[in-house]
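The next block holds one structure in the form of structure tokens; read it before the comments.
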Amino acid sequence: MPLTVRPRRKRSTRIIMTLLCGLLPIALGSVILYMQAGRALQQSSQHTADEALRQFELMLDNTAQAARELLPLAGQTCETVKLALREQVTRRPFVRSTNLVWDDNLYCSSLFGDFKEAVNPGDYAQGKLWLMNGNPVTPDTALLVYRLSEGRGGALTTLDGYHLSNILRLIGRHTLLLLQVGNNWLSADGKVHQGALPALPVAQSTLHSSHYAFSVTAAFAPGETWRYMKEEYPPLFSLLMFFGAVSGVIGYTLQKRSTSPSHEMRRALEAGEFIPYFQPVVHGDSKRWSGAEVLMRWNHPKEGLVRPDLFIPFAEHSGLIVPMTRALMQQTAAILGPLSPTFEAPFHIGINITASHCRDLELVEDCREFLSAFRPGSITLVLELTERELIEPSDITHQLFAQLRAMGVKIAIDDFGTGHSSLGYLRTFNVDFLKIDQTFVAMIDKDALSRHILDTIIELSTKLDLGIVAEGVETQAQCDYLAAHHVNFLQGYLFGKPMPAADFIEALTHH
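When the letters of the sequence shown are read in order and numbered with this note's numbering, they come out as residues 8 to 518.
Encoded structure:
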């Protein structure tokens with residue numbers, strides 16, 4: 008990963024995202040369970056209201072039947088009909104009292120016999136039902152009065168509120184169940200209230216009777232949904248917790264994978280963020296440009312230009328260096344290929360390879376495709392072997408280097424003298440150039456031992472008839488020393504820093 012990213016901030020972000028991944032299924036599952044509980048409570052309240060409606064209609068059917076049998080007696084003297092009134096009370100299980108009316112005056116009652124009381128039809132919902140809070144005999148007991156009239160006569164039968172409140176209490180054990188008649192309504196405690204029904208926020212169901220002028224409303228108290236979930240869904244909540252934990256682990260794993268260096272580098276490779284930079288290489292005697300080494304840079308969209316020492320070792324370790332090098336060669340060919348007719352042949356182009364490139368023969372095809380982009384004979388492709396990974400000699404490696412040599416590709420050992428296998432490579436592989444590491448060049452004026460090693464490398468290359476390139480030349484003194492020792496090629500900031508393609512092409516036109 009690049010490099011200036013703050014680990015603590017990324018760790019905090021990862022923790023937050025992991026928690027969100029874990030909480031998301033729990034939250035969504037809880038919402039679904041809440042909705043399911045709401046539907047279950049809605050069905051329950053509707054069933055309760057339906058059952059209460061059915062029971063109230065059965066009671067009123069009994070009461071209405073008594074009124075129908077008494078209506079033909081309206082207008083007769085009370086002494087004549089009072090036994091008939093009392094008979095209906097005795098025979099009908101829900102009828103508390105019966106009364107006869109003539110010209111809107113109650114004149115005969117099963118309780119008092121002769122009686123005189125005005126009857127106001129407006130008190131009755133649809134002229135049929137009146138829910139009242141008691142009478143002179145039982146002033147604190149609710150009554151439901153049924154009125155039946157025909158012409159000047161009428162019959163009133165009353166249904167005891169005790170039966171009504173029993174229905175509300177027994178059927179609605181887990182609900183709030185209310186009976187409404189006109190502007191009055193009855194609660195399960197047997198009290199009659201006036202005005203609008205109270206707010207019933209959870210799963211309210213209201214049913215209207217199709218036979219009588221009343222309605223039944225069932226609902227649940229606030230918080231009932233959560234209580235229902237707690238009582239009915241413990242196994243499902245345990246399952247949600249399990250899914251939350253699994254989701255959190257998956258989220259953490261995916262984040263770790265998505266923020267891993269290999270994943271980031273694969274993304275960068277697909278996005279074309281690895282671009283070529285070019286550092287000129289000059290002849291040791293004339294100081295004229297002889298070519299360039301192609302260096303890989305990572306142009307990260309957020310971090311900017313990333314130094315190669317921060318990502319190349321990991322790319323080599325993960326094996327991504329092979330497709331990254333292939334992309335680098337393709338970009339280089341596209342940039343420099345059209346300019347090849349203007350090169351002073353042979354123009355050397357150096358590209359680094361590692362042990363990962365030597366495990367099969369794909370590099371041969373990559374080099375063939377690279378060379379085909381240039382005018383024949385205009386360039387010399389130099390593959391520079393790095394030594395961070397040991398190249399094991401095998402039939403494949405020998406075949407690989409033989410085919411590369413047959414194509415005219417040159418082989419150089421990069422950073423010679425610092426790796427653990429430089430001399431082994433000289434013995435095993437037929438190389439063309441040695442590249443002196445910049446640490447030896449930097450010590451030319453400072454350390455006698457390093458200077459002696461440098462002289463030995465130069466002498467060795469002369470005896471083996473190998474070309475030699477000195478890297479890291481930064482001062483004129485270093486340049487003069489190397490030129491005096493007949494070093495073939497020089498490379499370093501003294502002649503030019505690694506530069507992007509546009510700057511390199513512009514500089515190349517002046518050399």
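Cβ atoms here follow ideal geometry from the backbone N, Cα and C, with glycine treated the same way.
- If you check the CB distance, threonine 232 and alanine 44 come in under 8 Å.
- Residue pairing by DSSP puts serine 212 in a beta bridge opposite Ala225.
- In the DSSP assignment, isoleucine 420 is bridged to Leu392, Leu441.
- Under the DSSP definition of a beta bridge, methionine 506 partners with Phe285.
- The stretch 166-173 and the stretch 74-87 do not touch, with fewer than 3 CB-CB distances between them shorter than 8 Å.
- Its chain contains Ile475, His492, Val494 as the residues whose beta carbon lies nearer than 7 Å to that of isoleucine 465, once the 5 sequence neighbours on both sides are disregarded; these appear in chain order.
- Here the C-alpha atom of isoleucine 360 lies approximately 26 Å from the C-alpha atom of leucine 489.
- In the DSSP assignment, phenylalanine 122 falls within the unbroken beta strand (DSSP E) covering 120-125.
- The beta carbon of aspartate 292 is closer than 7 Å to those of Ala490 in its chain, skipping five residues each way along the sequence.
- Counting along the chain, the unbroken alpha helix (DSSP H) around alanine 275 starts and ends at 268-277.
- Fewer than three beta-carbon pairs drawn from the stretch 371-389 and the stretch 308-316 are found closer than 8 Å, and the two stretches are therefore not classed as touching.
- Here alanine 56 has Leu184, Ser212, Thr213, Leu214, Val223, Thr224, Ala225 as same chain residues with Cβ atoms under 8 Å from its own Cβ, once five neighbours each way along the sequence are excluded.
- In this chain, the alpha helix (DSSP H) harbouring threonine 339 covers 328-343.
- If you look at isoleucine 465, you'll find it in the alpha helix (DSSP H) that goes 455-470.
- Taking a C-beta distance under 8 Å as the contact criterion, proline 268 and phenylalanine 354 do not qualify as a contact pair.
- Its chain contains Val209, Ala210, Phe227, Glu231, Thr232, Tyr235 as the residues whose beta carbon lies nearer than 7 Å to that of leucine 48, once the 5 sequence neighbours on both sides are disregarded; these appear in chain order.
- In this structure, the beta-carbon distance from leucine 150 to aspartate 167 falls below 8 Å.
- Counting the other CB atoms within 10 Å of its CB gives histidine 517 a total below 16, which places it among the exposed residues.
- Contact between the stretch 442-450 and the stretch 405-412 is absent, with fewer than three C-beta pairs closer than 8 Å.
- In the three-state DSSP reduction, methionine 450 falls in the coil class, being neither helix nor strand.
- In this structure alanine 162 is not in contact with valine 102, their Cβ atoms being roughly 11 Å apart against a cut-off of 8 Å.
- By the CB criterion at 8 Å, valine 480 and valine 448 fall inside the cutoff.
- About 53 Å separates the beta carbons of tyrosine 153 and alanine 34, which is beyond the 8 Å limit, so they are not a contact pair.
- Counting other Cβ atoms within 10 Å of its Cβ, tyrosine 432 reaches 16 or more and is therefore classed as buried.
- With contacts defined by Cβ atoms closer than 8 Å, threonine 435 and proline 400 form a contacting pair.
- Contact between the stretch 363-372 and the stretch 337-355 is not established, with fewer than three Cβ pairs separated by less than 8 Å.
- With contacts defined as CB atoms closer than 8 Å, leucine 397 and alanine 352 fail to qualify as a contacting pair.
- The Cβ-Cβ distance between aspartate 421 and leucine 461 does not fall below 8 Å.
- Judged by their CB atoms, glutamate 513 and glutamine 498 are not nearer to each other than the 8 Å cut-off.
- The stretch 106-122 makes no contact with the stretch 131-138, as fewer than three CB pairs between them are under 8 Å.
- In the structure shown, tyrosine 219 adopts coil according to DSSP, grouped into three states.
- In this structure, the straight-line span from the alpha carbon of proline 128 to that of leucine 177 is close to 32 Å.
- Its Cα nearest to that of asparagine 69, the residue Thr164 stands out among Thr164, Phe122, Phe496.
- Runs of the beta strand (DSSP E) lying entirely within the stretch 69-131 and spanning at least 3 residues, in chain order: 102-109, 112-116, 120-125.
- DSSP places threonine 404 inside the alpha helix (DSSP H), whose first and last residues are 402-413.
- Taking C-beta atoms under 8 Å as the contact rule, isoleucine 358 and valine 301 qualify, at a distance of about 5 Å.
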